[in-house]
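Protein chains: 2
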Amino acid sequence: MLTVNVELKERRYPIYIGENLLKDPSVYPLKSGDKVMIVSNETIAPLYLDTVTKTLENIGCKVSNVLLPDGEKYKTLQSLDLIFTALLKENHGRDTTLIALGGGVIGDVAGYAAASYQRGIKFIQIPTTLLAQVDSSVGGKTAVNHPLGKNMIGAFYQPITVIVDTLTLNSLPKREVNAGLAEVIKYGAILDLAFFHWLEQHIDNLVALQQADLQYCISRCCQIKADVVARDETEKGDRALLNLGHTFGHAIETHLGYGNWLHGEAVAVGMMMAAALSEQLGNISKADVGRLEKLLARANLPTISPDTMQPEDYLPHMMRDKKVLAGKLRLVLLKTLGQAYVTTDMDKSLVLSAISACTQTD
Amino acid sequence: MLTVNVELKERRYPIYIGENLLKDPSVYPLKSGDKVMIVSNETIAPLYLDTVTKTLENIGCKVSNVLLPDGEKYKTLQSLDLIFTALLKENHGRDTTLIALGGGVIGDVAGYAAASYQRGIKFIQIPTTLLAQVDSSVGGKTAVNHPLGKNMIGAFYQPITVIVDTLTLNSLPKREVNAGLAEVIKYGAILDLAFFHWLEQHIDNLVALQQADLQYCISRCCQIKADVVARDETEKGDRALLNLGHTFGHAIETHLGYGNWLHGEAVAVGMMMAAALSEQLGNISKADVGRLEKLLARANLPTISPDTMQPEDYLPHMMRDKKVLAGKLRLVLLKTLGQAYVTTDMDKSLVLSAISACTQTD
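Just so you know, the protein sequences line up as chains A and B, in that order.
Those letters in the first sequence? Residues 1 to 362, by UniProt numbering.
Those letters in the second sequence? Residues 1 to 362, by UniProt numbering.
Quick look at the structure:
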């Protein structure tokens with residue numbers, strides 16, 4: 001088992017990474033008599049809910065659960081309300097613990113529910129998708145979507161422990177494994193050229209879910225993100241670098257309707273757009289853009305805009321991005337491969353041109 | 001103008017108290033070019049929205065507003081969503097400021113919206129009811145109700161400034177002025193016997209809205225609450241004392257349906273129940289209970305349970321209180337008049353007997 005510690009101002013919490021951790025009572029920070037509510041969804045619950053419930057009941061916890069429908073389109077205030085209702089119906093007090101068992105959507109909704117229920121209860125993440133394991137379960141960003149924008153409503157709220165059982169990836173659809181690899185590649189691109197190299201050598205093993213490489217990869221990603229979050233918990237500075245490709249990607253997700261493209265797929269194309277813009281600005285070479293494109297393609301990820309979307313469809317969505325300040329578009333771009341930065345007032349015609357460079361022309 | 005500073009771990013913020021402050025640009029921590037969204041309701045907006053809007057426009061702010069229906073029953077996730085929609089439709093970014101113009105409901109909903117929109121934006125409170133001026137606008141508790149419990153969903157989130165224009169009380173229905181006085185009396189009862197004496201001497205002036213006494217009274221209440229909050233921002237200890245009468249009172253509000261009794265009216269009866277229980281335990285004398293009852297009555301507040309509610313109706317609601325820990329009922333009681341404490345595991349039959357003592361028998 002590997003452990004990554006996330007160091008925050010007021011406290012630290014561990015991320016445990018290994019096989020069969022769902023069944024390991026020692027990784028749960030719970031004791032006999034503790035009340036627990038597991039939040040999961042209809043897809044994940046049949047696979048893992050019994051295992052987690054039994055492990056916790058053996059510890060002596062009182063365990064109940066609430067299941068949400070599966071999918072990004074249920075990342076809403078309505079799903080949040082389902083969790084609150086379940087907690088209230090069973091008289092859960094301020095001393096209860098909420099556990100998110102599932103992917104990024106479950107983690108984000110349950111995390112925001114934990115932040116909000118009685119103004120804050122304890123929270124444990126058990127991410128079961130690669131995306132959630134390397135990204136959304138680290139750093140305390142929780143949120144739900146609004147019809148007018150993704151992740152617009154939420155809180156910064158940290159879990160007390162994150163438990164990553166890498167065997168859960170065996171039940172994950174391949175398309176979602178690949179989508180998770182988009183975020184993995186992002187870490188290399190923005191902050192760690194050596195890791196980018198490592199990925200170029202091991203991407204096929206990761207696609208094939210080779211356990212040792214997977215566990216190293218996940219721990220490396222968690223460490224990179226944990227370091228960034230420790231420096232900048234509430235995203236006033238460095239943390240924004242983690243959003244490489246996300247402003248473009250969110251535009252794709254919003255335009256197509258949540259859930260039609262996977263988040264990682266949208267981010268893959270978004271990173272290509274950010275790379276194209278970085279190349280236009282003279283930061284990186286055409287060869288660097290090619291390396292990124294090739295790595296994404298080997299992970300079976302898209303690298304061009306959805307064919308139902310025109311370049312001019314992007315900007316209205318992008319202007320609602322949380323990084324927009326005083327009406328000015330700020331984007332994460334690449335200074336070099338392995339080093340990202342945030343721009344302050346990006347020219348919109350350049351942005352349009354970079355989007356066009358990643359759009360199929362008939 | 002009086003100023004009370006609330007000292008928090010990471011920063012301080014001022015509460016300004018005086019006449020005609022709505023029109024005073026110097027009390028608003030805003031500058032030319034700032035974007036502002038005012039949240040108000042249908043009752044308050046016709047009275048004060050223009051005044052505040054003009055003052056801010058003179059500073060050079062871009063001002064928009066969103067109006068909620070008036071009343072506790074609109075303190076819901078749905079109202080929250082109205083605010084998010086308004087913010088998103090007008091492309092408000094993370095650098096915008098939300099202003100709550102209204103009573104406790106507006107302050108609580110807008111405060112929670114500010115805490116949640118893009119995971120937190122700046123927030124200014126302009127409370128226009130006595131209750132909000134002495135209580136809900138100080139201390140950073142924000143929340144909405146759930147059909148199964150009051151204030152169950154929310155956040156601890158502090159404003160950057162609170163602006164109390166005491167002339168707004170002239171337009172407040174007398175019944176609401178009185179309800180606010182319940183919380184005023186509470187401060188004396190729990191923490192400040194000298195202030196309790198002062199209230200016994202000046203309660204008639206307060207009921208009559210005599211400005212100088214009002215301003216002193218509000219500043220004294222804000223100072224008491226600010227001191228408590230500074231010691232205990234997230235209610236792990238002392239802050240719970242502020243809830244004298246509230247566990248009983250919330251049961252009344254939930255049972256009758258939100259908004260039928262005013263919060264202060266329910267708290268007045270709740271304080272009588274807490275006092276009756278304190279007397280049963282031998283803490284305070286019958287004469288002390290009588291002083292509290294007389295002061296509440298002079299403020300035209302109820303002192304006995306609603307006649308549609310039986311003593312046994314209380315406990316199921318009370319067991320969902322946020323102070324319940326591990327299934328044990330914790331209540332704020334009086335050690336002496338002017339000194340409250342939190343009990344750890346209150347016997348339910350004693351609680352029932354105290355409720356009965358404040359119930360009309362035919």
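Think of the CB as a built atom: it goes at the ideal place given N, C-alpha and C, for glycine as much as any other residue.
All values reported here derive from a predicted model rather than from experimental measurement.
Membership of Ala297(B) in the alpha helix (DSSP H) is indicated by the continuous run Lys286 to Arg298.
When DSSP states are grouped into helix, strand and coil, Gln201(A) belongs to the helix group. When the Cα atoms are used, Ser79(A) and Ala113(B) turn out to be separated by approximately 17 Å. Those residues of the UniProt domain "3-dehydroquinate synthase C-terminal" (180 to 324) of chain B placed with their C-beta closer than 7 Å to a C-beta in chain A are Met319, Arg320, Lys322 and Val324, ordered along the chain.
For Met152(B), the nearest CB of chain A lies under 8 Å from its own CB, placing it at the interface with that chain.
The residues Gly103, Gly104 and Gly107, in chain order, have a CB closer than 6 Å to that of Ala132(B) in the same chain once the five nearest residues on each side in sequence are set aside. Flagged as an interface residue toward chain A: Tyr117(B), by a C-beta distance shorter than 8 Å. In summary, Asn41(B) is buried, with 16 or more beta-carbon neighbours lying within 10 Å of its beta-carbon over all protein chains present.
Proximity of Gly149(B) to chain A, defined by a Cβ-Cβ separation below 8 Å, is satisfied. In chain order, Arg119 make up the part of chain A whose C-beta sits under 8 Å from the C-beta of Ala143(B).
Around the beta-carbon of Gly327(A), fewer than 16 other beta-carbon atoms lie within 10 Å, marking it exposed. About 19 Å separates the Cβ atoms of Val332(A) and Pro302(A), ruling out a contact at the 8 Å cut-off. Straight-line spacing of the CA atoms in Lys323(B) and Glu293(A) works out to 55 Å. With a cutoff of 8 Å on beta-carbon distance, Lys348(A) and Leu325(A) are scored as not near each other. The contact set of Phe156(A) on chain B, defined by CB atoms closer than 9 Å, consists of Arg119 and Gly120 in chain order. By the criterion of a C-beta distance shorter than 7 Å, Leu49(A) is surrounded in its chain by Ile38, Ser40, Asn65 and Leu101, once the five residues flanking it on both sides are discounted. Contact between Glu183(B) and Gly264(B) is confirmed by a C-beta separation of about 6 Å, below the 8 Å threshold. Residue environment: Gly60(A) is assigned as exposed (fewer than 16 neighbouring CB atoms within 10 Å of its CB, all protein chains considered).
For Gln158(B), the CB contacts under 7 Å within the same chain, skipping 5 residues up- and downstream, are Leu8, Tyr13 and Gly140 in chain order. Within the same chain, Cβ atoms closer than 6 Å to the Cβ of Ile15(A) are found at Val4, Val162 and Cys222, the five residues on either side in sequence being excluded. Using beta-carbon distances, Leu8(A) does not count as an interface residue toward chain B, since no partner is under 8 Å. At least 8 Å separates the beta-carbon of Tyr74(A) from that of Leu67(A). Taking a C-beta distance under 8 Å as the contact criterion, Gly18(B) and Thr166(B) qualify as a contact pair. Cα atoms of Val229(A) and Asp135(A): separation of roughly 11 Å, rounded to the nearest angstrom.
In the displayed model, Pro302(B) falls within coil according to three-state DSSP, outside both helix and strand. Annotation for Ala115(A): Thr142, Ala155 and Tyr157 place their beta carbon closer than 7 Å to its own, counting only its chain and skipping 5 residues before and after.
Residues Val4, Asn5, Val6, Glu7, Ile15, Val138 and Gly139 of the same chain have their beta carbon placed closer than 8 Å to that of Ala226(A), with the five preceding and five following residues left out of the count. With respect to Ala340(B), Leu181(B) sits apart: the two C-beta atoms are not nearer than 8 Å. For Ser64(A), DSSP records a beta bridge to Met37(A). Nearest neighbour of Ile153(A) by Cα position, chosen from Glu10(A), Thr76(A) and Met346(A), turns out to be Thr76(A).
Under the three-state reduction of DSSP output, Lys236(B) falls in the coil class, being neither helix nor strand.
In the structure shown, Tyr117(A) adopts extended strand secondary structure according to DSSP, grouped into three states. With 16 or more other Cβ atoms from the protein chains shown falling within 10 Å of its own Cβ, Gly93(B) counts as buried. Uninterrupted alpha helix (DSSP H) stretches at least 4 residues long and entirely within the segment 239 to 289 of chain A occur at 246 to 256 and 263 to 280, given in chain order. According to DSSP, residue pairing for Ala226(B) in a beta bridge does not occur.
Taking 8 Å as the upper bound for CB-CB distance, Thr359(B) and Ser305(B) are in contact here, some 4 Å apart.
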